[in-house]
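S.K.: Numbering (the UniProt record's numbering), first residue to last: 1 to 546.
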């Protein structure tokens with residue numbers, strides 16, 4: 001045990017070669033994927049050398065807050081687009097002269113593309129950078145919304161909803177990548193909470209906005225609202241959002257070589273700095289070019305997401321995280337019909353019933369982020385290592401699985417108990433305040449569980465965080481689609497009380513999967529590191545022979 005503590009406390013111990021500086025494990029191939037290309041592997045073991053190389057990120061606290069807020073707003077568009085659409089279903093059915101069943105197919109198609117799109121954008125962002133991925137996604141998204149505002153037929157509605165989801169759905173995977181770029185593991189909980197806020201608030205705010213617009217301006221106004229909102233966002237993004245991908249700008253101190261990775265504000269600040277110090281320009285330009293040569297620009301490969309899923313620890317995390325998300329989605333997907341049937345609410349009133357979800361998610365995001373960072377420091381202290389928010393910490397012998405999952409256990413059980421109670425309040429037709437309060441508590445606990453495991457995935461794959469997040473999104477969307485499809489038939493067959501009791505018990509019975517990750521996760525993680533190191537050694541030996 002003492003050797004492990006020493007390793008944690010001395011991550012940069014000299015190895016006999018004075019010209020080589022060990023870098024934080026956050027940029028090393030701890031969980032590297034065995035099928036990465038040679039140049040990708042070279043990136044994992046080599047970092048650019050620049051004047052701020054000992055600092056994990058050169059962005060100031062204010063810059064980090066701006067970056068994370070913009071990332072959170074980007075993630076807000078997909079759930080916003082999905083949920084503003086719901087109140088307009090009756091109007092669309094009437095105006096396009098099709099059944100509700102056909103309109104509901106557009107929702108299913110939206111969820112499918114919402115799950116698939118991040119697999120493409122995640123690999124693109126990890127390869128080319130975050131900015132080009134954001135720009136492409138929003139161009140597709142805005143174009144789709146313009147088409148939706150003008151279309152007059154069901155086939156056009158169906159195709160354009162798929163295109164809308166293909167644009168906005170890809171933004172899910174970019175949040176985690178941006179946070180991993182700029183934050184160390186010690187501060188990642190707080191920033192991940194901020195970045196995920198948009199994703200969690202969308203389902204609560206979307207129905208209210210959609211209900212108001214559809215009721216007073218017609219269903220087309222929903223899509224024109226999204227066009228305007230998306231247009232404002234992409235303007236701010238183009239002007240001020242900096243490139244953060246570490247394969248492109250290192251720790252943020254290197255200027256990107258490609259024009260699409262440069263923000264206007266950042267370019268102006270860089271030229272002003274270089275004008276004051278001309279010698280700085282040539283040095284950083286050379287380092288940026290060297291960094292660019294290590295990247296391989298290719299067509300995005302969505303199969304890389306599937307390769308991550310087959311890893312032992314990742315597969316367990318993804319499966320249980322998807323179960324939690326599906327259980328939560330059974331509540332949100334059935335809420336509108338249940339509150340309409342049980343309490344006789346109209347469309348706008350039902351939309352307002354989603355507010356407790358949004359409030360619970362918002363509180364959870366910020367409280368859980370601070371709680372995760374606190375628990376990380378606690379586990380670090382218990383293991384005898386110091387926390388370095390500037391350089392990042394060596395996770396080789398650090399039980400990161402325990403640090404992230406320790407707080408999930410009690411939250412899972414509280415959430416399951418509350419979910420069962422929620423089902424029986426609907427079954428017994430209690431006062432409407434009872435189920436609304438319980439939805440707040442469910443959002444509070446389940447959001448915390450989901451975000452904690454999402455952060456753990458980023459910790460395990462810091463060199464490809466967007467791809468790891470895409471794998472998470474794929475599994476949760478598929479499981480969520482299954483949950484939303486099953487819950488209404490279950491309620492019709494056995495009632496809401498027993499339906500949500502079954503859902504809560506399923507989540508509870510599968511909770512030992514958390515123990516599996518905590519107990520055997522570090523071993524699997526180390527096996528992956530050794531496997532990857534051996535693969536790299538063989539490639540280098542083969543290259544030297546040539």
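For glycine and all other residues, C-beta sits at the position ideal for the given N, C-alpha and C.
How long is the line joining the alpha carbons of residue 333 and residue 105, rounded to whole angstroms?
M.R.: Between residue 333 and residue 105, the C-alpha separation is close to 14 Å.
S.K.: Quick one: measure Cβ to Cβ for residue 131 and residue 260, integer angstroms, because I've assumed they're closer than 8 Å.
M.R.: Right, the Cβ-Cβ distance comes to about 6 Å (below 8 Å), so this counts as a contact.
S.K.: Going by alpha carbons, who is nearest to residue 594 out of 359, 386, 457, 337?
M.R.: This structure gives no information on residue 594, because the portion of the chain shown stretches from 1 to 546.
S.K.: Going straight from the alpha carbon of residue 326 to that of residue 144, what length do you get?
M.R.: When rounded, the distance between both Cα atoms is 28 Å.
S.K.: Using the C-alpha atoms, what's the distance from residue 456 back to residue 309?
M.R.: Computed Cα separation, rounded: 14 Å.
S.K.: How would you write the range of the alpha helix (DSSP H) that residue 449 sits in, first residue to last?
M.R.: 433-460 is the span of the alpha helix (DSSP H), which, as asked, contains residue 449.
S.K.: Return the chain-ordered list of same chain residues with a C-beta closer than 7 Å to the C-beta of residue 423, the five sequence neighbours on each side being excluded.
M.R.: Counting only Cβ-Cβ distances below 7 Å, and skipping sequence neighbours, we find 496, 497, 499, 500, 501.
S.K.: Suppose the cutoff is 7 Å on Cβ atoms and the five residues either side in sequence are ignored; what does the same chain contact list for residue 420 look like?
M.R.: 500, 501, 504.
S.K.: How many Å lie between residue 317 and residue 377 at the Cα?
M.R.: Cα to Cα, residue 317 sits roughly 22 Å from residue 377.
S.K.: Quick test of the definition: if touching needs 3 or more C-beta pairs under 8 Å, does the region 350-365 touch the region 504-514?
M.R.: Short answer: they don't touch.
S.K.: Only counting the same chain, and skipping five residues up and downstream in sequence, which positions put a Cβ closer than 6 Å to that of residue 192?
M.R.: So the qualifying residues of the chain are 179, 455.
S.K.: Looking only at C-alpha atoms, which of 174, 324, 437, 444 sits nearest to residue 365?
M.R.: Closest option to residue 365, Cα to Cα, is 444.
S.K.: Give the list of continuous alpha helix (DSSP H) stretches no shorter than 4 residues that lie fully inside the region 174-257.
M.R.: Qualifying alpha helix (DSSP H) stretches, in chain order: 188-217, 220-240, 246-249.
S.K.: Among 528, 237, 211, 256, which one has its Cα closest to the Cα of residue 67?
M.R.: Comparing Cα positions, the closest option is 237.
S.K.: Please identify the residue among 139, 124, 159 whose C-alpha is closest to the C-alpha of residue 177.
M.R.: For the residues 139, 124, 159, the minimum Cα distance to residue 177 belongs to 124.
S.K.: By Cβ distance below 7 Å, which residues in the same chain neighbour residue 339 in space, the five residues on each side in sequence not counted?
M.R.: So the list reads 345, 350, 353, once near-sequence residues are dropped.
S.K.: Looking only at C-alpha atoms, which of 343, 386, 402 sits nearest to residue 432?
M.R.: Checking every option, the nearest Cα to that of residue 432 belongs to 343.
S.K.: Which class does residue 151 belong to by DSSP, given the choice of helix, strand or coil?
M.R.: Residue 151 falls in the coil class under three-state DSSP.
S.K.: Indicate whether residue 70 and residue 241 have their beta-carbon atoms separated by less than 7 Å.
M.R.: Yes, Cβ-Cβ distance for residue 70 and residue 241 is below 7 Å.
S.K.: Excluding the 5 residues flanking residue 439 on each side, which residues of the same chain have their C-beta closer than 6 Å to its C-beta?
M.R.: 356, 357, listed in sequence order.
S.K.: Quick one: using the 10 Å Cβ neighbour count with 16 as the cut-off for buried, is residue 489 buried or exposed?
M.R.: Residue 489 is exposed by the Cβ-count criterion.
S.K.: Alpha carbon to alpha carbon, what distance is there between residue 120 and residue 42?
M.R.: In this prediction, residue 42 has a pLDDT of 38, which is less than 50 and means its spatial position is unreliable; nothing more can be read from the coordinates.
S.K.: With a Cβ-Cβ cutoff of 7 Å, do residue 484 and residue 329 count as a contact?
M.R.: A contact, by the Cβ cut-off of 7 Å.
S.K.: At what residues does the alpha helix (DSSP H) containing residue 378 begin and finish?
M.R.: Counting along the chain, the alpha helix (DSSP H) containing residue 378 begins and ends at 355-382.
S.K.: By DSSP, does residue 476 sit in helix, in strand, or in coil?
M.R.: Residue 476 falls in the helix class under three-state DSSP.
S.K.: Pull up the distance between the alpha-carbon of residue 194 and that of residue 307, whole angstroms please.
M.R.: Cα to Cα, residue 194 sits roughly 28 Å from residue 307.
S.K.: State the CB to CB distance for the pair residue 102 and residue 210, rounded to an integer number of angstroms; the pair is presumed to be in contact (CB under 8 Å).
M.R.: No, residue 102 and residue 210 are not in contact; Cβ-Cβ is about 19 Å, not under 8 Å.
S.K.: Give me, in chain order, the residues of the same chain whose beta-carbon lies closer than 7 Å to that of residue 58; leave out the 5 immediate sequence neighbours on both sides.
M.R.: Same-chain partners within the cutoff: 52, 251, 252, 253.
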